[in-house]
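Asker: My questions will all concern the structure given below.
There are 2 protein chains.
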Amino acid sequence: MMDVQKQKKLEAAGWKIGNAEDLLELDQVESSFIALKIALSQHLKTRRQSLRLTQKEFAGMIHSSQSRVAKMEAGDPGVSLDLLVKSLLTLKTSKEDIEKILP
Amino acid sequence: MMDVQKQKKLEAAGWKIGNAEDLLELDQVESSFIALKIALSQHLKTRRQSLRLTQKEFAGMIHSSQSRVAKMEAGDPGVSLDLLVKSLLTLKTSKEDIEKILP
DNA sequence: TCAATATATATCAAATCCGACATACTCAAC
DNA sequence: GTTGAGTATGTCGGATTTGATATATATTGA
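Here you go:
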């Protein structure tokens, strides 16, 4: 497809075109994503503590290790959203709770 | 920590103890997680189409490839939640939309 | 029909994420 | 101030996910 047509499509959808702005937009997505993970990790820590589970106990519940739980709760970049969400599901975090968490 | 104390903790938190039930609980988490990913992938496809973007165009926006976008939308198990969520963020899926998506 | 465009499927090396382990730090309880 | 439970941090080999590529299969429009 030609660039002009692509540009029209994106502009119609509310997108700004241009290299610099494209980079800025990427940063925006990345920072939003990081904010989301941090919010989930903080909730995870609070929820685990409210259930009075140690990191080691909780690690057993998700078949992981204490160190990985610590990294999850610390917002370590090397922890996937998959693992965070599975962890929250394991702790029976409700849909309503998740909606409250979303930044 | 002793097992008896751990069990009390978990039971107080609404957990069922026991090997079989533990396995069932794992399956529950896994199936919920899969349902979540499928819901997000379906929304992603709908949203991309409503913006009249091809898979190739959208792949460029997220610096990925057409084939990976196809796998995302097909609910391929080999696609991470991270990639799905970053994709939705790129398409400016609102918090409200995400809340509607949650199964 | 028949090209051109769009999407689906398979494969692969590289990057990322994983559980596990070792070890260090924190902080109550004694 | 020692001990021990809980948490944090660093590392590593193996597993999973990645973008890229090739190719097959729709789907569209003339």
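Line by line, the protein sequences give chains A and B.
Read in the working numbering, the first sequence has 316 at position 47, and its numbers run on one by one without any break.
Read in the working numbering, the second sequence has 310 at position 41, and its numbers run on one by one without any break.
For every residue, glycine included, the Cβ atom is placed at its ideal position computed from N, Cα and C.
Going by other Cβ atoms of all chains shown within 10 Å of its Cβ, with 16 needed for buried, is K364/B buried or exposed?
Answerer: Translated into the one-based positions of the second sequence, residue 364/B becomes position 95. Its Cβ having fewer than 16 others within 10 Å, K364/B is exposed.
Asker: According to DSSP, is K316/B helix, strand or coil?
Answerer: Along the second sequence, one-based indexing puts residue 316/B at 47. It is Arg, not Lys, that sits at residue 316/B in the sequence shown. Three-state result, R316/B: helix.
Asker: Taking Cβ positions, are L309/B and L357/B nearer each other than 8 Å?
Answerer: By one-based count along the second sequence, residue 309/B stands at place 40. By one-based count along the second sequence, residue 357/B stands at place 88. A contact, by the Cβ cut-off of 8 Å.
Asker: Does DSSP put G347/A in a helix, in a strand, or in coil?
Answerer: Residue numbering aside, residue 347/A sits at position 78 when the first sequence is read from its first letter. DSSP places G347/A in coil when its eight states are reduced to three.
Asker: Can you pull the chain A neighbours of T359/B, defined as C-beta to C-beta under 7 Å?
Answerer: The sequence position of residue 359/B within the second sequence is 90, counting from 1. Under the 7 Å cutoff, chain A gives V298.
Asker: Using a beta-carbon distance below 8 Å, is F302/A in contact with chain B?
Answerer: Working through the first sequence from its first residue, we reach residue 302/A at position 33. Yes, because at least one Cβ of chain B sits closer than 8 Å to the Cβ of F302/A.
Asker: For K369/A, count the other beta carbons within 10 Å of its own beta carbon; 16 or more makes it buried, fewer makes it exposed. Which is it?
Answerer: Your numbering for residue 369/A matches position 100 in the first sequence. Exposed: under 16 other Cβ atoms inside 10 Å.
Asker: Could you check where the alpha helix (DSSP H) with R449/B kicks off and where it finishes?
Answerer: Not covered by the structure: residue 449/B. The range shown for chain B is 270 to 372.
Asker: Leaving out five residues before and five after L353/B in sequence, what residues of the same chain have Cβ atoms less than 8 Å from its Cβ?
Answerer: Numbered from its first residue, the second sequence carries residue 353/B at position 84. Taken in chain order, the residues that qualify are K306, L309, S310, L313, M341.
Asker: Could you tell me the alpha carbon to alpha carbon distance between R337/B and G329/B, rounded to whole angstroms?
Answerer: Along the second sequence, one-based indexing puts residue 337/B at 68. Along the second sequence, one-based indexing puts residue 329/B at 60. Each residue's Cα considered, the two are about 11 Å apart.
Asker: Starting from the beta carbon of V354/B, find every residue of chain A whose beta carbon is closer than 8 Å, and list them in chain order.
Answerer: Translated into the one-based positions of the second sequence, residue 354/B becomes position 85. The contacting residues are F302, L305, L350.
Asker: Flag this pair as yes or no: are the beta carbons of S349/A and D351/B separated by less than 8 Å?
Answerer: Taking the first residue of the first sequence as 1, we reach residue 349/A at position 80. Taking the first residue of the second sequence as 1, we reach residue 351/B at position 82. Yes. Within cutoff.
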